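S.K.: Same order as they appear, the protein sequences are chains Y and R.
Letter by letter, the first sequence follows residues 1 to 462 in UniProt numbering.
Letter by letter, the second sequence follows residues 1 to 462 in UniProt numbering.
No residue lacks a Cβ here, since even glycine has one placed at the ideal position from N, Cα and C.
Small disclaimer: the values here were computed from a predicted structure and weren't measured.
There are 2 protein chains.
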Amino acid sequence: MRGLQKDLAELVSRDSVKTDPEDLFAYQSDATHYFAKRKPDAVVLPASTEEVAAVLSYANKNQIPVTPRGAGSGLSGGCTPVKGGIVLDMKRMNKIREINRGNMTATVDAGVVLGDFHKTVESQGLFYPPDPQSMTVCTIGGNVATRAGGPRGVKYGTTPHYVLGVEAVLPDGYVIQAGGKCVKQSVGYDITHLLAGSEGTLGVITKAHLRIMPLPPFHRTALVTCKSIENAAEMIAEIIAAGTVPAMLELLMGISVHVMNSMISPPAPTDGEAYLLMDIDGSESQVREDAETLKAICNDMGAMEVRVIEDEKEAATYWKARASLYPLALTMAKKVVAEDVTVPRDKVPVFVREVQAMAGRLGLLVGLSGHAGDGNMHPSILYGEVNEEQEKLARKAIAQIVKTGLALGGTISGEHGIGLHKSEYLEWDLGGAQIELMKRVKKAFDPNGIMNPGKLWLQGGE
Amino acid sequence: MRGLQKDLAELVSRDSVKTDPEDLFAYQSDATHYFAKRKPDAVVLPASTEEVAAVLSYANKNQIPVTPRGAGSGLSGGCTPVKGGIVLDMKRMNKIREINRGNMTATVDAGVVLGDFHKTVESQGLFYPPDPQSMTVCTIGGNVATRAGGPRGVKYGTTPHYVLGVEAVLPDGYVIQAGGKCVKQSVGYDITHLLAGSEGTLGVITKAHLRIMPLPPFHRTALVTCKSIENAAEMIAEIIAAGTVPAMLELLMGISVHVMNSMISPPAPTDGEAYLLMDIDGSESQVREDAETLKAICNDMGAMEVRVIEDEKEAATYWKARASLYPLALTMAKKVVAEDVTVPRDKVPVFVREVQAMAGRLGLLVGLSGHAGDGNMHPSILYGEVNEEQEKLARKAIAQIVKTGLALGGTISGEHGIGLHKSEYLEWDLGGAQIELMKRVKKAFDPNGIMNPGKLWLQGGE
């Protein structure tokens, strides 16, 4: 592939092209290393929209696969290149272009790291809610491409709710401006939200216009200790129905709090089977009022303890530990596969019961933590050993989790996306006619099929 | 067209097909009667998704144009049939299928009248914010198809923010379930939001899954009298930047309040050149606090008067009059063309100044009321006479309004959609490459081009 390297070096600056074996190795998968499929032939780190356009136009003419990549922190294999070709690492395009308080919008390059953006807007008293737990590394372009969520989704919604427009490069090299900086728009097809969640299969997002908000001035964290996970799940349904929605409403199993305690100071109580961890935000008077309401609901439903944490530093250790739950789980299990099923919120209790029963039947350790306030559950298969038998059991469990979610009117992914991990279940969720429609939409954007091939649906047809 | 009538009567119940000339006449346009183009050959009022599928499948085989229609209250000619064929009037499909408090969602048929849905959810202490001013007649299917907004958009966003999923019939008769009842989803392309705003050109929406909220318990209406329209526009930008966002934040010209006074009791003061009309909602303590903040901002910026209306019946007359502004304008002008340009919110003052100057130069009466809190302005051309010269001037003014909005980073439609009215300006907003992309997307859904032909973009290419 010396020709490829030479060609690319003419399109972008020479040090933006990587073809050394160790570089290519680092780009062969996202955080789901177990999906590693085929090393790319080259990695390009473009510095501008024009460079992205030049690379795509070249790849399109030469029918070379292109896999766009943010931070590679995905959990579905979305940026794992399965047919080699070019990986387009967007991290050099990392400028915050504008923060406009008078319009309450910001414009950012696709490669801006979410955590950096949070810090910048928060230093100005502003707020951008989406908070996938990989926020210290993940990029906003990746967030848009996967419709990323996070704990604050329960009150504030996920990334697509904040995307007003994108700049994107189509496979033929054309640059389009979809949507824009206006908070309302009805101008033809919503290309912005079609690109959101397309996982790099339609084009490359190079910029995003985002809605921002005033930063809520006051917060309190509350920890509810529950005697059983069903009890915790029932409290969630009751909280949603009562309408006092916290900014975050996480369901944690006892074992999760146990591993999180290595980061929580002073440690949380460990006598519950499950916990609700909440962040309540707003004006001080509103937060205090909401905290009382939530406390009353949980106590009425038999909570063992409801603790409102007044010390902000202590509260922060809870949220830092929560954001680290996936890496923490990896310290106690040989392998962790995090599921991402979402169910209607009133169905969380029955979902929890059925998954627990299934785990018991299969003799598997399945964590059941998740952003349960919006019905988004992350059942995690924790492997004691990695061997063929365990993999077989895990696959059985995943299929069963997915089926259980769908039977309850749920969906196979809330915020991780489909990538490779979920493509075999896509038809269960959407039906054949909708997948055929998606394939035709894909063709409308990418007639040569160069964009992130092998993703979303099972291969064979496109 | 006797054959058509006979064929259709075999697909749906006989009384669901209308072909009498007076019936067809009533379906030849939406509320923009001046776009009336060509009477349909038949009107069908389907009673079920299956009937919609049967009609589409038949029309697709026989290449007969199909124009879906909600209440026909649109202001862009979106459901005006330009090539005859079948108009599909969805109003018989009007069941509210589910209101689920535990999940905070509702499922409705496309033909449910928005005002009826408001009443139903509000009677249960629930809230569905979108409020296009035609809400007593318009249908939720029509709202979704045009991404309809309304005054509450400033705080709560527009229809697409509340649509979690749709059932839709594709032109080939296949029924798809896009999205669903979950508040988070990342499962392939967002077909739900591609259908939202597609104005009936991709398929027929038959059901919608909607997010609902708890009903805010307390409201206050405030009227701010301003010495000039620029002063009013500047206050809006300041209110947005301060972050205390009312549920509604309307800009009204003196002349608008003058005509609205026939419905406001007791009448509003008429000594301002412009007014801000606000609704502030939330808990009582929050509303009182916000009202003080907003009052202070407006007073600091030189408001002539800030009046918080304590009497709820009196307040209601303001909002009823506001919702009637378009028909009220028709009592004082021979013809009214309502524009729908949206600009970034910090650009509202300069937009207002430029449109006023342009109206002065052309000697035209241009109303400048609108949902200015979200940058969505409805400059209205008020015709003293309807004649060729006036039409020419009006066309010039509309083009100028659109250009002014775009030059400020705005967009040609905030909530009315493109239909026929804006198709000539679409390329100014989106550029040629994006329109070509939209045409390919259209083909992916509707290869025979039967769905609402002649809309969105200028014809010739599809």
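Within a Cβ cutoff of 8 Å, which residues of the same chain sit near R:G375, ignoring the five residues on either side of it in sequence?
M.R.: T342, V343, P344, R345, K347, V348, G410, G414
S.K.: Of the residues Y:V43, Y:R152, Y:T293, which one's Cα is nearest the Cα of Y:A241?
M.R.: Y:T293
S.K.: Which residues share a DSSP beta bridge with R:F127?
M.R.: The partner list for R:F127 (beta bridge, DSSP) reads R:M213.
S.K.: The alpha helix (DSSP H) with Y:L114 in it runs from where to where?
M.R.: For Y:L114, the enclosing alpha helix (DSSP H) begins and ends at 114-122.
S.K.: Which partner residues of R:E250 appear in the DSSP bridge assignment?
M.R.: R:L277
S.K.: Have a look at R:A178 and Y:E10 and give me their C-alpha separation to the nearest angstrom.
M.R.: 43 Å
S.K.: R:R147 to Y:L382, Cα distance in whole Å?
M.R.: 44 Å
S.K.: Between Y:V441 and chain R, is there a C-beta pair that is closer than 8 Å?
M.R.: Closer than 8 Å to the CB of Y:V441 there is at least one CB belonging to chain R.
S.K.: Enumerate, from N- to C-terminal direction, the unbroken beta strand (DSSP E) stretches of 3 or more residues contained entirely within the region 319-360 of chain R.
M.R.: Fully enclosed beta strand (DSSP E) runs of 3 or longer: 335-338.
S.K.: If you reduce the DSSP assignment to three classes, tell me which class Y:N100 lands in.
M.R.: strand
S.K.: Which residue spans inside the region 36-74 of chain R form an unbroken beta strand (DSSP E) run of at least 3?
M.R.: 42-44, 66-69
S.K.: Taking Y:R288 as the reference, give the member of Y:P217, Y:G102, Y:E250 with the closest Cα.
M.R.: Y:P217
S.K.: Would a check of beta-carbon distances place R:P453 closer than 8 Å to chain Y?
M.R.: Not an interface residue.
S.K.: Distance, Cα to Cα, R:C182 vs R:L24?
M.R.: 40 Å
S.K.: For the beta strand (DSSP E) that Y:E305 lies in, which residues bound it at each end?
M.R.: 305-309
S.K.: Rounded to the nearest angstrom, what separates Y:R322 and Y:N94 at their Cα positions?
M.R.: 27 Å
S.K.: Run through chain R and tell me which residues come within less than 9 Å of Y:V108, C-beta to C-beta.
M.R.: Within chain R, no C-beta atom comes nearer than 9 Å to that of Y:V108; the closest sits roughly 16 Å away.
S.K.: What are the partner residues of R:K207, as DSSP defines its beta bridges?
M.R.: R:D109, R:E167
S.K.: Hey, quick one: how far does the beta strand (DSSP E) through Y:L365 stretch, first residue to last?
M.R.: 365-367
S.K.: Cα-Cα, which of Y:K403, Y:A444, Y:K442, Y:A407 is closest to Y:E424?
M.R.: Y:K403
S.K.: With 8 Å set as the bound, which would you pick, yes or no: does the beta-carbon of R:K37 sit closer than that to a beta-carbon of chain Y?
M.R.: no
S.K.: Does any CB atom of chain Y fall closer than 8 Å to the CB of R:Q434?
M.R.: yes
S.K.: Check for me: the alpha helix (DSSP H) holding R:S285 runs from which residue to which?
M.R.: 284-300
S.K.: So which of Y:G165, Y:I99, Y:C138 has the shortest CA-CA distance to Y:Q124?
M.R.: Y:I99
S.K.: Between R:V432 and the rest of its own chain, which residues show a CB-CB distance below 7 Å, the 5 nearest in sequence each way excluded?
M.R.: The sequence given here places Gly at residue 432 of chain R; Val does not occur at that position. Closer than 7 Å at the Cβ level, and outside the excluded window around R:G432, lies no residue.
S.K.: Counting only Cβ pairs nearer than 9 Å, list the residues of chain R close to Y:H416.
M.R.: S186
S.K.: Terminal residues of the continuous beta strand (DSSP E) containing Y:G179?
M.R.: Segment 175-179, the beta strand (DSSP E) holding Y:G179.
S.K.: Report, in whole angstroms, the separation of the C-beta atoms of R:V113 and R:E51, which I expect to be a contact under 8 Å.
M.R.: That pair is no contact at about 20 Å.
S.K.: So, is the C-beta of R:R92 closer than 8 Å to a C-beta in chain Y?
M.R.: no
S.K.: Report the residues of the region 271-294 of chain R with a CB closer than 8 Å to any CB of chain Y, ordered along the chain.
M.R.: S283, S285, Q286, E289
S.K.: Quick one: list the residues of chain R neighbouring Y:T411, beta-carbon separation under 7 Å, in chain order.
M.R.: Those are G180, C182, Q185, V187, listed as they occur along chain R.
S.K.: Can you tell me where the alpha helix (DSSP H) with Y:L420 in it begins and where it stops?
M.R.: It is not in any alpha helix (DSSP H) - Y:L420 carries neither H nor E in the DSSP assignment.
S.K.: Label Y:K422 either buried or exposed according to how many other C-beta atoms from any shown protein chain fall within 10 Å of its C-beta, with 16 as the threshold for buried.
M.R.: buried
S.K.: Name the residues in the region 191-222 of chain Y whose C-beta lies less than 7 Å from a C-beta of chain R; which are they?
M.R.: I191, H193, L194, A196, G197, S198, P214
S.K.: Can you give me the Cβ contacts of R:A247 inside the same chain, cut-off strictly under 6 Å, excluding the 5 residues immediately before and after it?
M.R.: R152, K155, D279, D281
S.K.: Kindly list the residues whose CB is nearer than 7 Å to the CB of Y:V175, restricted to its own chain and excluding five residues on each side of it in sequence; keep chain order.
M.R.: T49, A53, E167, V169
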